[in-house]
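Numbering (the working numbering), first residue to last: 2 to 148.
Ideal Cβ placement from N, Cα and C applies to all residues, glycine included.
Small disclaimer: the values here were computed from a predicted structure and weren't measured.
Below is one structure, written out as structure tokens; the observations come after it.
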Ligand SMILES: [Zn+2]
Ligand SMILES: [Zn+2]
């Protein structure tokens, strides 16, 4: 599924914007950053994002309606299981994959005869740095926020 055609100028600009930013960005935030580059309409951003999502260079975080550059674009295409831990305090995102989790989902899908197109796991909480800094939300009790 991986498409190795070179990126268009717009696709490359959107990817650069996301790569330079540690936080996930909405399509409108991307547009704002690229107005100086000739971007005028959200559609231009969405078109570029479509291609970047397909190739796995960018991921969409549904819970935030935002996009992040893939942390390791050469390890998976657009179809792999990807997990994100999202800090609610500083908005940083950590991407990781775990073959055990992937195997469990695959086994479930096989048992249910479910055709999986994409699997994205989103974990929200507090990152180590924010916890150390005593961010608001550091709980006395474990939260009920499982993704
Ligand atoms: Zn990725
Ligand atoms: Zn944090």
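Going straight from the alpha carbon of residue i to that of residue j, what length do you get?
i	j	result
residue 87	residue 129	12 Å
residue 148	residue 47	A caution first: residue 148 carries a pLDDT of 44, below 50, which makes its placement in the model too unreliable to give a value.
residue 53	residue 139	35 Å
residue 122	residue 68	14 Å
residue 41	residue 93	27 Å
State the CB to CB distance for the pair residue i and residue j, rounded to an integer number of angstroms; the pair is presumed to be in contact (CB under 8 Å).
i	j	result
residue 102	residue 82	6 Å
residue 26	residue 19	6 Å
What residues are listed by DSSP as bridge partners for residue i?
i	result
residue 125	87
residue 61	68
residue 95	86
residue 20	According to DSSP, residue 20 bridges with nothing at all.
residue 120	82
Which word fits residue i, buried or exposed, when buried means at least 16 other C-beta atoms lie within 10 angstroms of its C-beta?
i	result
residue 34	buried
residue 108	exposed
residue 57	buried
residue 49	buried
residue 73	exposed
With a threshold of 7 Å (Cβ to nearest heavy atom), would residue i be considered close to ligand 4?
i	result
residue 17	For the structure depicted, ligand 4 is absent and the ligand set comprises only ligand 1 and ligand 2.
* Just jot down, in chain order, the residues whose CB lies closer than 7 Å to any heavy atom of ligand 2. => 88, 90, 91, 93, 127, 128, 130, 131 and 136
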